[in-house]
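Take a look at the structure below.
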Amino acid sequence: MNFSEKVYHYCKKIPKGKVTTYKEIGKIMKTKAYRAIGTALKNNPYAPEVPCHKVVRNNGDIGSYQGKFHNLKKSRLLGKEGIKIINNKIDLEKYLHKF
DNA sequence: CTCGTGACTTACG
DNA sequence: ACGTAAGCCACGA
C-alpha cells in the first residue's frame, strides 16, 4: 500500500457529516507529509469514492478543491451533509472527526 | 541522483 | 491579522 492509497483509505473512513484535517491524517499515518497528502488528494483517482472535500486545513479553513478556488461547490457539498461553514471556515469543535 | 512544485503547518516579525 | 520563511514529504521531469 503506497502513500496515496493510505490517504484515500483514511478519507473513506470519514463518516458522513464530519470532516478531518490534513494534520489528523498525517498523525494517523505517522507522517508529517501534510503537503504530500494534499498532492495525493489532488490526484484523487477515486473521485466520488473518496470524499476529499471533507479534508480541510488544520485551522478549519476550507482550503482548495479540485485544484482551484471552487470552494463554492465544496461549501455546498459540505452544507448538504449538515456541516455549517462560518466565514469560510468549518467548526472543528463540532465536525472534526478524530481517528 | 537532483530540482521544482504543491489541496500544508508552524513560527516569527 | 497579515506576510514571509523554514520544514516537511511525495511525485514527476
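The numbers in the first sequence follow the working numbering, run straight up by one, and end at 1130. Even for Gly, the Cβ is constructed at its ideal location relative to N, Cα and C.
Distances from the CA of Ile-1059 to each of Arg-1066, Tyr-1041, Ile-1093 were compared; the closest alpha carbon is that of Tyr-1041. Just so you know, the alpha carbons of Ala-1071 and Ser-1106 end up roughly 21 Å apart. Using a 10 angstroms sphere on the CB of Pro-1082, the tally of other CB atoms reaches 16 or more, which defines it as buried. Around the Cβ of Lys-1085, a 10 Å sphere holds 16 or more other Cβ atoms; the residue is buried.
Shown here, Thr-1062 sits in coil according to DSSP, grouped into three states, outside any helix or strand.
For Leu-1127, no alpha helix (DSSP H) segment is defined, and its DSSP state is neither H nor E. By the C-beta density criterion, Gly-1057 is buried, having at least 16 other C-beta atoms within 10 angstroms.
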